[in-house]
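A.B. asks:
Protein chains: 2
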Amino acid sequence: MTIDVAFQGILGANSEIAAKLYFANKRIKCHAVPKFENIYQKVVRGHCEYGMVPIENSLAGSIHENYDLLIKNKVWICGEHIHHVEHHLLGTKTSSLKDIKTIVSHPQALLQCAGFLRSLKRAESHPYFDTAGSAKHVKDSGDKTLAAIASKEAAAAHGLKILKRGIEDNVENYTRFFVIAKNQPKRFPKGKYKTSIVFALKNIPGALHKSLSVFALRDIDLLKIESRPIHGSPWKYLFYLDYIGHIHDEASERALGHLQELTQTFRVLGSYQIGKQLKR
Amino acid sequence: MTIDVAFQGILGANSEIAAKLYFANKRIKCHAVPKFENIYQKVVRGHCEYGMVPIENSLAGSIHENYDLLIKNKVWICGEHIHHVEHHLLGTKTSSLKDIKTIVSHPQALLQCAGFLRSLKRAESHPYFDTAGSAKHVKDSGDKTLAAIASKEAAAAHGLKILKRGIEDNVENYTRFFVIAKNQPKRFPKGKYKTSIVFALKNIPGALHKSLSVFALRDIDLLKIESRPIHGSPWKYLFYLDYIGHIHDEASERALGHLQELTQTFRVLGSYQIGKQLKR
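If you want it as structure tokens, here you go:
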């Protein structure tokens, strides 16, 4: 049986590679969609069982659009994948490094290769909407003076040559993905879990500190806190928390019960097995 | 004596209007710079006494580039200004609403006027690098079918007509600015203050909760917490905190001393009088 998985971008996008690695021992079909919100639509409408949602990059930080979309859509985070991002310089088959005059890629990728780009004195860099898209653009142009910064999979997908490998300034470059599904699974396999929740606090003194206390008092490790604005209530925030544990652990159940004494709105976004951080 | 103030953008930008309102009873000269980082350079090098730095919008959230730049540059936050953002549809002098076929503006402004844009069935919208820049673009084109979404000051600065006032979906649209200077002032005038700090925590259990406890234990009100990635240390964060109080208040001094028992790095970004939130 084939599993349908939605990702944002085009062939060779990091999201597609991440999906293939996450579901490595399953048969999957990847469905490319143009915008992040389309991933959620595909999953909510049942066109795809799963969606690959990039939530955070270890250099650029959180991807806030996806934090906002996670609460706009009724989905469940059922998995986590930590994807090691590598940047290569890609050109046409007849091109070589000394031919390159213009380099295109996503602004973040250009920023992450700033050292290498400075070393190419004669080449200009221009932003492009995504890394895999910039590879396709180079292929479509057939221009041997044009290069893209993208993955080796994008090189393969679009028939480009790798002119220079591993051009990033910092190799500790990981993107954390959430794997989303329409519903909570009926059974959770054994393993080490993380849980992600979102809440808005009541207007009580020291509310933020108290909300973290419900975890600290039970020795639950907090991994991340993220805040997003609440529309119509300037300088009030929705808080997103990740912690180690499964929602059905006793300590976790008690902490979440306690937390709801302090919150105006509260939702569990998912409990999922912790993703491994491996270099490729 | 004239005070030199740096802002990012072009004539009629919200940052320029904010500077004029913040320094309403002073004689100022505004210096437009193309990028946020240039504001800090102007201030650090002593070319401008002050810089206007947008740090957060009540609908779009934090402006992370400026959080990152605040720690890359040795500056002091000496003021806060809360700016009410209004969006108007601007066209050439001979244009009217029914002529408009294309609307340009910053993607956030387009998003914030989505309801109005949907009501204009025949008009397409296109992203532009900033709101005031989109106004200049309409003026330069002389095209009566083209309109921009920008402020009334941008209309005045670029000789455009307001075709439709107040086209935003949500009027609770404020941008919070930091006023930055090179150094801490010698004297702080009397008033109600906020303090902004940034720190990285030691690797100890429950460190985040403990770091908030140092404030809660002293009844100090936390206003905001923001996290940003630390490069080279995936999933470790710098935390930015805003709280009510002046760094030299006794409770605040004790809390910050206590906090430094828990932190690897720590810096006070500034103590500044609380900005008033007024509709224009």
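As they're listed, the protein sequences go chains A and B.
Heads up: the first sequence begins at -14 in the working numbering, then just goes up one per residue.
Heads up: the second sequence begins at -14 in the working numbering, then just goes up one per residue.
Ideal Cβ positions, reconstructed from N, Cα and C, are used throughout, including at glycine.
CA-CA distance, Gly127 of chain B and Ala120 of chain B?
C.D. replies: So the two alpha carbons sit approximately 11 Å from each other.
A.B. asks: According to DSSP, is Glu50 of chain B helix, strand or coil?
C.D. replies: Of the three classes helix, strand and coil, the one that applies to Glu50 of chain B here is helix, per DSSP.
A.B. asks: Give the straight-line distance between the Cα atoms of Phe(-8) of chain B and Gln26 of chain B, rounded to the nearest whole angstrom.
C.D. replies: For Phe(-8) of chain B and Gln26 of chain B, the distance between alpha carbons rounds to 11 Å.
A.B. asks: Are the beta-carbon atoms belonging to Asp34 of chain B and Asp(-11) of chain B less than 8 Å from one another?
C.D. replies: Checking the sequence, you will find Glu at residue 34 of chain B rather than Asp. Yes.
A.B. asks: Check whether the stretch 191 to 204 of chain A and the stretch 229 to 246 of chain A touch, using three or more Cβ-Cβ pairs below 8 Å as the test.
C.D. replies: Short answer: they touch.
A.B. asks: Using the three-state DSSP reduction, which class does Asn58 of chain A fall into: helix, strand or coil?
C.D. replies: Three-state DSSP puts Asn58 of chain A in coil, outside helix and strand.
A.B. asks: Along the alpha helix (DSSP H) that carries His122 of chain A, what are the first and last residues, could you check?
C.D. replies: Per DSSP, His122 of chain A belongs to the alpha helix (DSSP H) from 116 to 126.
A.B. asks: For Ser43 of chain B, which residues in chain A fall below 7 Å Cβ to Cβ?
C.D. replies: Correct list: Pro214, Pro219, Trp220.
A.B. asks: Once DSSP output is grouped into helix, strand and coil, what is the label at Ser196 of chain B?
C.D. replies: Here Ser196 of chain B sits in helix by DSSP.
A.B. asks: Am I right that Cys63 of chain B and Gly255 of chain B are in contact with their C-beta atoms under 8 Å? What's the rounded C-beta distance?
C.D. replies: That pair is a contact at about 6 Å.
A.B. asks: Per DSSP, what kind of secondary structure is Tyr35 of chain A in: helix, strand or coil?
C.D. replies: Tyr35 of chain A falls in the strand class under three-state DSSP.
A.B. asks: Would you kindly work out how many angstroms separate the C-alpha atoms of Pro174 of chain A and Tyr7 of chain A, rounded to a whole number?
C.D. replies: So the two alpha carbons sit approximately 16 Å from each other.
A.B. asks: Excluding the five sequence neighbours on either side, which residues of its own chain have a C-beta within less than 8 Å of the C-beta of Ala192 of chain A, listed in chain order?
C.D. replies: If we look at Ala192 of chain A and ignore the five residues flanking it on each side, its Cβ neighbours are Leu186, Leu247.
A.B. asks: What does a CB cutoff of less than 7 Å around Leu55 of chain A pick up in its chain, not counting 5 residues either side in sequence?
C.D. replies: Excluding residues within five positions, the ones whose Cβ falls inside 7 Å are Leu254.
A.B. asks: Using a Cβ-Cβ cut-off of less than 8 Å, give me the residues of the stretch 170 to 192 of chain A that come near chain B, in sequence order.
C.D. replies: If the cut-off is 8 Å between Cβ atoms, the stretch 170 to 192 of chain A has Pro190, Gly191 near chain B.
A.B. asks: Cα-Cα, which of A:Cys98, A:Ala133, A:Val60, A:Trp61 is closest to Lys86 of chain A?
C.D. replies: Cα-wise, what sits closest to Lys86 of chain A is A:Ala133.
A.B. asks: Suppose the cutoff is 7 Å on Cβ atoms and the five residues either side in sequence are ignored; what does the same chain contact list for Pro92 of chain A look like?
C.D. replies: Contacts found: Pro112.
A.B. asks: Quick one: what's got a C-beta closer than 8 Å to Lys146 of chain B's C-beta in the same chain, skipping five residues either side?
C.D. replies: The residues are Leu75, Gly76, Thr77, Lys78, Ser80, Ala140.
A.B. asks: Which chain A residues are close to Tyr159 of chain B, counting only those with a beta carbon under 9 Å from its beta carbon?
C.D. replies: Ordered by position in chain A, the residues that pass the 9 Å Cβ test against Tyr159 of chain B are Pro219, Trp220.
A.B. asks: For chain A, find out if any of its Cβ atoms is closer than 8 Å to the Cβ of Leu46 of chain B; answer yes or no.
C.D. replies: One detail in the question is off: residue 46 of chain B reads as Gly in this sequence, not Leu. It does: the Cβ of Gly46 of chain B has a partner Cβ on chain A nearer than 8 Å.
A.B. asks: Look at the alpha carbon of Phe114 of chain B and the alpha carbon of Lys124 of chain B, and state the distance between them as a whole number of angstroms.
C.D. replies: Whole-angstrom Cα-Cα distance: 16 Å.
A.B. asks: Using a Cβ cut-off of 7 Å, which residues of the stretch 141 to 158 of chain A contact any Cβ in chain B, in chain order?
C.D. replies: Cβ contacts with chain B come from Asn155, Glu157.
A.B. asks: If you check the beta carbons only, do Val70 of chain A and Tyr178 of chain A fall under 8 Å apart?
C.D. replies: It is not a contact, given that the beta carbons lie outside the stated cut-off.
A.B. asks: Under 8 Å, do Thr116 of chain B and Ser90 of chain B count as touching if we go by C-beta distance?
C.D. replies: Result yes, Cβ atoms of Thr116 of chain B and Ser90 of chain B sit closer than 8 Å.
A.B. asks: Going along the stretch 96 to 109 of chain A in order, which residues come within less than 8 Å of chain B, judged by CB to CB distance?
C.D. replies: Those would be none; no residue qualifies.
A.B. asks: Does DSSP put Pro174 of chain B in a helix, a strand or coil?
C.D. replies: Coil.
A.B. asks: Is the beta carbon of Val29 of chain A closer than 8 Å to that of Lys5 of chain A?
C.D. replies: Result no, Cβ atoms of Lys5 of chain A and Val29 of chain A do not sit closer than 8 Å.
A.B. asks: Which value, in whole angstroms, describes the spacing of the CA atoms of Asn51 of chain A and His68 of chain B?
C.D. replies: Approximately 27 Å between the Cα atoms of the pair.
A.B. asks: Where does Ser104 of chain B land, buried or exposed, given buried means 16+ other C-beta within 10 angstroms?
C.D. replies: Label assigned to Ser104 of chain B: exposed.
A.B. asks: Buried or exposed: Thr180 of chain A, going by 16 or more other Cβ atoms within 10 Å of its Cβ?
C.D. replies: Thr180 of chain A comes out buried.
A.B. asks: So, Glu157 of chain B versus Pro219 of chain A, is the Cβ gap smaller than 8 Å?
C.D. replies: Contact flag set, yes.
A.B. asks: For Ser47 of chain A, which residues of its own chain have a beta-carbon under 8 Å away from its beta-carbon, when the five flanking residues on both sides are left out?
C.D. replies: Cβ neighbours of Ser47 of chain A beyond the five flanking positions: Ile40, Glu41, Glu211.
A.B. asks: Ignore the nearest five residues each way along the sequence and tell me which others in Gln169 of chain A's own chain have a CB closer than 6 Å to its CB.
C.D. replies: Hits under 6 Å: Trp61.
A.B. asks: So, under 8 Å CB-CB, Leu244 of chain A and Val183 of chain A are touching, yes? Tell me the CB distance rounded to an integer number of Å.
C.D. replies: With 8 Å as the limit, Leu244 of chain A and Val183 of chain A do not qualify as a contact, their Cβ atoms being about 11 Å apart.
A.B. asks: In terms of residues, what are the limits of the beta strand (DSSP E) holding Val(-10) of chain B?
C.D. replies: From DSSP, the beta strand (DSSP E) with Val(-10) of chain B extends over -12 to -7.
A.B. asks: Just checking my contact of Leu44 of chain B with Asn155 of chain B at CB under 8 Å: how many whole Å lie between their CB atoms?
C.D. replies: About 6 Å; that satisfies the 8 Å criterion.
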